[in-house]
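Have a look at the structure below before the remarks.
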């Protein structure tokens with residue numbers, strides 16, 4: 042089997058020839074592995090998307106995420122990169138040490154009524170939350186699936202599917218519908234306070250987030266992707282309680298899964314929730330997710346703990362401590378990966394991966410050790 046076939050087999054309840062490997066590669070590590078200038082990734086959506094796939098092929102793993110990125114104009118100012126608008130006006134400095142978001146100088150340069158800004162909202166930040174009032178919520182313009190085709194992302198996605206071929210299975214990124222969506226627009230502190238002080242606002246915002254994720258998922262399905270990724274890296278029990286998760290996140294995540302499965306019954310959906318998810322494993326299954334990821338051991342649980350909760354045939358992904366890719370020896374990482382396989386692989390329902398995004402300074406020899414554990 043090749044990577045795409047191997048990954049598809051697991052997601053569809055079939056037994057592959059071996060455990061597939063799919064750690065989360067972000068553009069910072071992908072750029073380092075492939076020798077790509079980060080400036081090109083910021084300016085060119087095609088480069089940003091392709092570099093992740095190229096890094097996956099270089100490492101020899103079976104799957105990668107297909108992320109969508111905005112095109113940004115930049116200029117160099119010494120060692121810094123500055124985003125500018127079409128007229129050359131400075132918008133802000135790009136955070137080269139973090140997630141490559143532009144720290145906007147002016148709050149009002151983010152327009153919540155612009156579907157392009159909403160679609161790629163995590164590419165910009167400001168100390169003042171982008172969504173301030175209920176009136177802002179009413180003005181929010183959620184992009185539908187046609188938006189992505191109109192802006193060239195359909196051609197890009199189909200090109201990347203062809204580029205990956207059978208060697209790398211791709212999971213299309215639907216972004217976040219729930220708490221991480223709220224955080225991106227309200228800021229971490231205010232989004233968490235809203236759970237107590239403004240529950241009605243939270244539900245209304247998550248309704249918008251659900252529509253956003255559903256429309257992006259439909260677009261990805263139309264492009265030919267059958268594995269879809271949701272993200273709610275904030276919605277874990279390291280941050281909120283199981284009661285708050287069940288009240289706020291659960292109904293909206295369930296709606297997203299229901300709508301996307303109705304649109305394409307062949308779609309397989311997983312959600313990336315790093316941190317502690319052990320208290321909500323059963324409700325996660327009830328939402329309609331086909332797979333839980335990334336089984337982050339920094340959340341204080343093991344792959345075996347989750348496997349006992351979900352049974353032998355439910356698909357699990359992840360398990361290897363992200364810090365191990367920096368601090369462990371190849372022998373130690375390989376042993377950790379083998380433990381994850383031993384604990385998680387039942388009837389082929391396991392994808393070996395990292396507990397969150399691979400660090401930008403992950404050791405190449407440890408990436409090789411991860412693959413070796415699956416191919417041993």
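Numbering (my numbering), first residue to last: 42 to 417.
Every residue, glycine too, gets a C-beta built ideally from N, C-alpha and C.
Looking only at DSSP bridge pairs, what is residue i linked to?
i           : result
residue 211 : 105
residue 165 : 143
residue 298 : In DSSP, residue 298 forms no bridge with anything.
residue 268 : 212 and 309
residue 116 : 123
residue 398 : 65
residue 134 : 123 and 144
Going by beta carbon distance, what residues of the same chain come within less than 7 Å of residue i, once the five residues before and after it are set aside?
i           : result
residue 224 : 232 and 275
residue 341 : 317
residue 270 : 106, 212, 213, 214, 215, 311 and 313
residue 52  : 268, 309, 331, 332 and 356
Note down the Cα distance separating residue i from residue j, rounded to an integer number of angstroms.
i           : j           : result
residue 181 : residue 159 : 8 Å
residue 398 : residue 65  : 5 Å
residue 390 : residue 63  : 13 Å
residue 187 : residue 253 : 12 Å
residue 81  : residue 123 : 13 Å
residue 214 : residue 166 : 20 Å
residue 100 : residue 79  : 19 Å
residue 293 : residue 219 : 7 Å
residue 7   : residue 57  : Since the first residue shown for the chain is 42 and the last is 417, residue 7 is missing from the structure and cannot be characterised.
residue 369 : residue 361 : 11 Å
residue 162 : residue 346 : 35 Å
residue 170 : residue 191 : 28 Å
residue 208 : residue 406 : 21 Å
residue 282 : residue 321 : 10 Å
residue 248 : residue 301 : 15 Å
residue 344 : residue 352 : 12 Å
What residues in its chain sit with their C-beta under 6 Å from that of residue i, if we drop five residues either side in the sequence?
i           : result
residue 414 : 375, 378 and 379
residue 260 : 186 and 189
residue 110 : 86 and 89
Residues in its own chain within less than 8 Å of residue i by CB, not counting five upstream and five downstream?
i           : result
residue 125 : 114, 115, 116, 131 and 132
residue 143 : 113, 124, 132, 133, 134, 135, 136, 164, 165 and 166
residue 199 : 264 and 265
residue 195 : 189, 260, 263 and 264
Checklist entry - Using 8 Å as the Cβ pair cut-off and three pairs as the minimum, do the segment 69-87 and the segment 371-385 touch? => result No, the segment 69-87 does not touch the segment 371-385.
Checklist entry - Pairing CB atoms from the segment 165-185 with CB atoms from the segment 84-100, are three or more of them under 8 Å? => result No: fewer than three Cβ pairs fall under 8 Å.
Checklist entry - Can we say the segment 350-362 touches the segment 333-341, given the rule of at least three CB pairs closer than 8 Å? => result A contact exists between the segment 350-362 and the segment 333-341.
Next on the checklist: Assess contact between the segment 239-250 and the segment 282-295, defined as three or more Cβ pairs (one per stretch) separated by less than 8 Å. Is contact present?
Outcome noted: Yes, the segment 239-250 is in contact with the segment 282-295.
Item to check | Every unbroken alpha helix (DSSP H) inside the segment 165-203 [4 residues or more] | outcome: If we require 4 residues or more, the alpha helix (DSSP H) runs fully inside the segment 165-203 come out as 175-180 and 186-191.
Next on the checklist: Count Cβ pairs between the segment 393-407 and the segment 45-62 that sit closer than 8 Å; are there 3 or more?
Outcome noted: The segment 393-407 vs the segment 45-62: in contact.
Checklist entry - Which whole runs of the beta strand (DSSP E) in the segment 317-369 are 3 residues long or more, in chain order? => result Fully enclosed beta strand (DSSP E) runs of no fewer than 3 residues occupy 332-334 and 356-361 of the segment 317-369, in order along the chain.
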